[in-house]
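To start, the structure under review is shown below, and the notes come after it.
Residue numbers (full-length UniProt numbering): 1 to 355.
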């Protein structure tokens with residue numbers, strides 16, 4: 001959802017009439033209802049026909065399943081045999097590469113919640129390549145569709161279809177026709193008009209192979225003479241499996257289990273476990289209500305939101321600027337009117353010593 005429509009949507013929530021009237025006149029809710037409940041019987045029949053024609057993408061399903069099985073086996077057979085620095089390198093890569101997704105693909109390119117100087121943009125693209133995701137264009141498009149049509153048939157990883165589908169199942173089957181149709185309506189001009197992103201997209205596969213696999217495997221082999229098998233298992237299997245599943249957990253865990261202190265009417269929740277694992281991306285109820293906020297959370301505590309620490313650091317040295325936030329007054333109004341009462345106004349005591 002772009003900033004204009006989301007701001008308009010939030011103003012309707014805060015200043016509009018009664019809740020029932022808002023629900024009747026809310027353009028986003030009307031749009032989502034129309035997607036899931038078409039009035040035209042012929043359209044409904046066509047949709048049912050399309051649903052019946054959807055098929056599992058067996059090459060994806062088999063590849064993803066085998067990848068996880070082999071990774072789990074590799075963990076038990078090789079983890080205890082790896083050199084100490086191989087383990088440290090694996091953990092470091094698993095954390096650092098994630099910033100390419102959280103600070104880059106998500107908060108910068110999907111939501112434009114801040115601006116970055118060219119050196120940081122290049123660094124984020126390198127980290128994003130190392131994380132091993134799809135192209136920036138595909139990631140941003142799918143994420144913008146997800147926000148605009150969350151938990152409808154147009155949502156690529158609709159959590160209403162169950163945990164497994166939201167987590168990884170959506171990658172194992174053809175997209176719902178609504179996902180494709182609505183995806184074509186998303187404005188992606190900021191991505192296609194960016195020379196740096198066009199260059200990265202053009203050579204995306206090359207960058208992914210080199211940054212996600214070749215270099216991370218080469219480092220332990222060259223610097224501390226780790227054998228190829230253990231270097232390969234630590235990076236191409238264990239570290240890669242971790243990054244993928246942590247990223248997917250935002251779509252699954254953070255849409256199913258947790259609190260809704262800002263808007264109990266929507267599916268996304270606050271999930272502290274996801275926040276810790278995914279570098280601060282688990283404060284999802286807040287994020288879906290205020291997606292333009294560069295913190296993706298109300299509280300700026302660094303231990304629970306490492307990506308915010310990352311961005312604040314680079315803002316101090318001049319590489320990040322124009323950082324957008326939701327005003328405390330707006331957050332108060334929204335949470336008081338629509339929250340489930342679980343909102344806290346300060347950092348939990350066990351994390352209070354870190355910022």
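We treat Cβ as the ideally placed atom computed from N, Cα and C, and that holds for glycine.
(message) Determine whether the beta carbon atoms of residue 172 and residue 254 lie at a separation below 7 Å.
(response) Within the chain shown, residue 172 is the residue found at index 172, counting from 1. Within the chain shown, residue 254 is the residue found at index 254, counting from 1. No, these two residues do not count as a Cβ contact at 7 Å.
(request) State the Cα-Cα distance for the pair residue 335 and residue 263, rounded to the nearest angstrom. (result) For this step, residue 335 is matched to residue 335 along the chain shown. For this step, residue 263 is matched to residue 263 along the chain shown. So the alpha carbons of these two residues sit roughly 6 Å apart.
(request) Could you please give the first and the last residue of the uninterrupted alpha helix (DSSP H) stretch that includes residue 241? (result) As a working mapping, residue 241 is identified with position 241 in the chain shown. Looking at the DSSP string, the run of the alpha helix (DSSP H) that includes residue 241 is 240-251.
(message) Quick check: residue 110 and residue 146, are their CB atoms within less than 7 Å of each other?
(response) For the purposes of this step, residue 110 is taken as residue 110 along the chain shown, with counting starting at 1. For the purposes of this step, residue 146 is taken as residue 146 along the chain shown, with counting starting at 1. In this structure, residue 146 does not lie closer than 7 Å to residue 110 by Cβ.
(request) Starting from the C-beta of residue 191, find all residues in its chain whose C-beta is less than 6 Å away, skip the five residues before and the five after it, and write them out in chain order. (result) Translated into positions along the chain shown, residue 191 becomes position 191. Excluding sequence neighbours, residue 191 sits near 137, 140 and 197.
(request) Could you say which of 311, 160 and 212 lies nearest to residue 134 if we only look at CA atoms? (result) Sequence index remark: in the chain shown, residue 134 carries index 134 (1-based). Among 311, 160 and 212, the Cα nearest to that of residue 134 belongs to 212.
(message) Would residue 319 and residue 120 qualify as a contact pair, given that the criterion is a beta-carbon distance under 7 Å?
(response) Start at 1 with the first residue of the chain shown, and residue 319 comes out as number 319. Start at 1 with the first residue of the chain shown, and residue 120 comes out as number 120. With respect to residue 120, residue 319 sits close: the two C-beta atoms are nearer than 7 Å.
(message) Between which residues of its own chain and residue 59 is the CB-CB distance below 7 Å, once the five residues before and five after are set aside?
(response) Reading the chain shown from its first residue, position 59 is the one you call residue 59. Annotation for residue 59: no residue places its beta carbon closer than 7 Å to its own, counting only its chain and skipping 5 residues before and after.
(message) Whole angstroms are fine: how far does the CA of residue 266 sit from the CA of residue 49?
(response) Within the chain shown, residue 49 is the residue found at index 49, counting from 1. Within the chain shown, residue 266 is the residue found at index 266, counting from 1. Reliability of the predicted coordinates at residue 49 is poor, the pLDDT of 41 falling under 50, and no value is obtained from them.
(message) Could you tell me the alpha carbon to alpha carbon distance between residue 158 and residue 152, rounded to whole angstroms?
(response) To locate residue 158, count along the chain shown from 1; it is residue 158. To locate residue 152, count along the chain shown from 1; it is residue 152. Looking at the two C-alpha atoms, the distance is approximately 6 Å.
(message) Is it buried or exposed, residue 45, if we count other Cβ atoms within 10 angstroms and call 16 or more buried?
(response) If you number the chain shown from 1, residue 45 lands on position 45. Its pLDDT being 42, under 50, residue 45 is placed unreliably in this model, and the value from its coordinates should be taken loosely. Residue 45 comes out exposed.
(request) Over the uninterrupted alpha helix (DSSP H) stretch that includes residue 93, give me the two end residues. (result) On the chain shown, position 93 is the one that residue 93 refers to. From DSSP, the alpha helix (DSSP H) with residue 93 extends over 84-96.
(message) As a quick exercise: from 308, 292, 286 and 105, pick the residue whose alpha carbon is nearest that of residue 269.
(response) Position 269 of the chain shown, counted from the start, is the residue given in the question as residue 269. Of 308, 292, 286 and 105, the smallest CA-CA separation from residue 269 is found for 286.
(message) In whole angstroms, give me the CA-to-CA distance for residue 210 and residue 229.
(response) Here the question's residue 210 lines up with position 210 in the chain shown. Here the question's residue 229 lines up with position 229 in the chain shown. Approximately 18 Å between the Cα atoms of the pair.
(request) Check residue 74 in the structure and name its three-state DSSP category. (result) Here residue 74 refers to the residue found at position 74 when the chain shown is read from its first residue. Of the three classes helix, strand and coil, the one that applies to residue 74 here is helix, per DSSP.
(request) Indicate the three-state DSSP secondary structure (helix, strand or coil) for residue 316 in the structure shown. (result) Indexing the chain shown from 1 puts residue 316 at position 316. Three-state result, residue 316: helix.
(message) Which residue wins for smallest C-alpha separation from residue 128, given the options 205, 317, 258 and 295?
(response) Within the chain shown, the letter at position 128 stands for residue 128. Per the Cα distances, 205.
(request) Give a yes or no on whether the C-beta atoms belonging to residue 221 and residue 231 are separated by under 7 Å. (result) Locating residue 221 in the chain shown gives position 221, counting from the first residue. Locating residue 231 in the chain shown gives position 231, counting from the first residue. In contact: residue 221 and residue 231 (Cβ atoms closer than 7 Å).
(message) Three Cβ pairs or more, each shorter than 8 Å: is that satisfied between the region 70-86 and the region 287-296?
(response) Short answer: they don't touch.
(request) Report all residues from its chain with a CB closer than 7 Å to the CB of residue 219; omit the five preceding and five following residues, and keep chain order. (result) Mapped onto the chain shown, residue 219 falls at position 219. Excluding sequence neighbours, residue 219 sits near 89.
(message) Between the alpha carbons of residue 304 and residue 298, how many angstroms are there, rounded?
(response) The residue labelled residue 304 in the question sits at position 304 within the chain shown. The residue labelled residue 298 in the question sits at position 298 within the chain shown. In this structure, the CA atom of residue 304 is about 11 Å from the CA atom of residue 298.
(request) Could you name the residues of the same chain whose beta carbon sits closer than 6 Å to that of residue 236, not counting the 5 residues immediately before and after it, in chain order? (result) The sequence position of residue 236 within the chain shown is 236, counting from 1. Residues of the same chain with a CB within less than 6 Å of the CB of residue 236, apart from the 5 flanking positions on each side, are 213 in chain order.
(message) Can you list, in chain order, the residues of its chain with a C-beta nearer than 8 Å to that of residue 181? Leave out the 5 residues immediately preceding and following it.
(response) Walking along the chain shown from the start, residue 181 turns up at place 181. Cβ within range, chain order: 154.
(request) Quick one: grab the DSSP three-state call for residue 272. (result) Position 272 of the chain shown, counting from 1, holds the residue named residue 272. Helix, per DSSP.
(message) DSSP three-state label for residue 186, please.
(response) Indexing the chain shown from 1 puts residue 186 at position 186. Three-state result, residue 186: coil.
(request) Return the residue from the list 117, 85 and 170 that minimises the CA-CA distance to residue 249. (result) Within the chain shown, the letter at position 249 stands for residue 249. Minimum Cα distance to residue 249 is reached at 170.
(request) Compute the beta-carbon to beta-carbon distance between residue 243 and residue 341, rounded to the nearest angstrom, for a pair I have assumed lies under 8 Å. (result) Here residue 243 corresponds to residue number 243 of the chain shown, with the count starting at 1. Here residue 341 corresponds to residue number 341 of the chain shown, with the count starting at 1. Cβ atoms of residue 243 and residue 341 stay farther apart than 8 Å, at about 35 Å.
(request) Taking only the alpha-carbon atoms, compute the straight-line gap between residue 207 and residue 98 and give it to the nearest angstrom. (result) Start at 1 with the first residue of the chain shown, and residue 207 comes out as number 207. Start at 1 with the first residue of the chain shown, and residue 98 comes out as number 98. Going by the C-alpha atoms only, they are around 16 Å apart.
(message) Looking only at its chain, what residues have a beta carbon closer than 8 Å to the beta carbon of residue 224, apart from the 5 residues adjacent to it on each side?
(response) As a working note, residue 224 is residue 224 in the chain shown. Within the same chain, 83, 85 and 86 come within 8 Å of residue 224 by CB-CB distance, once the 5 residues on both sides are set aside.
(request) List the endpoints of the continuous alpha helix (DSSP H) containing residue 128. (result) Taking the first residue of the chain shown as position 1, residue 128 is located at position 128. For residue 128, the enclosing alpha helix (DSSP H) starts and ends at 118-131.
(message) For residue 186, which residues in the same chain have their Cβ closer than 8 Å to its Cβ, ignoring the five residues on either side in sequence?
(response) By 1-based counting over the chain shown, the position of residue 186 is 186. 141, 144, 145 and 148.
(message) Taking the alpha-carbon of residue 114 as reference, which of 163, 309, 293 and 316 has the nearest alpha-carbon?
(response) By 1-based counting over the chain shown, the position of residue 114 is 114. Selected option, being the one with the closest Cα: 293.
(request) Under 7 Å Cβ to Cβ from residue 8, same chain only, skipping five residues before and after it: list those, please. (result) Here residue 8 is taken as the residue at index 8 of the chain shown, counted from 1. Its pLDDT being 45, under 50, residue 8 is placed unreliably in this model, and the value from its coordinates should be taken loosely. When the five nearest sequence neighbours on each side are left out, no beta carbon in the same chain lies closer than 7 Å to the beta carbon of residue 8.
(request) Starting from the C-beta of residue 25, find all residues in its chain whose C-beta is less than 7 Å away, skip the five residues before and the five after it, and write them out in chain order. (result) Residue mapping note: residue 25 aligns to position 25 of the chain shown, counting from 1. Bear in mind that a pLDDT of 38 at residue 25, under 50, signals an unreliable position, so the model cannot answer this.
(request) Compute the distance between the beta-carbons of residue 103 and residue 307, then report whether it is under 7 Å. (result) If you number the chain shown from 1, residue 103 lands on position 103. If you number the chain shown from 1, residue 307 lands on position 307. Yes, these two residues count as a Cβ contact at 7 Å.
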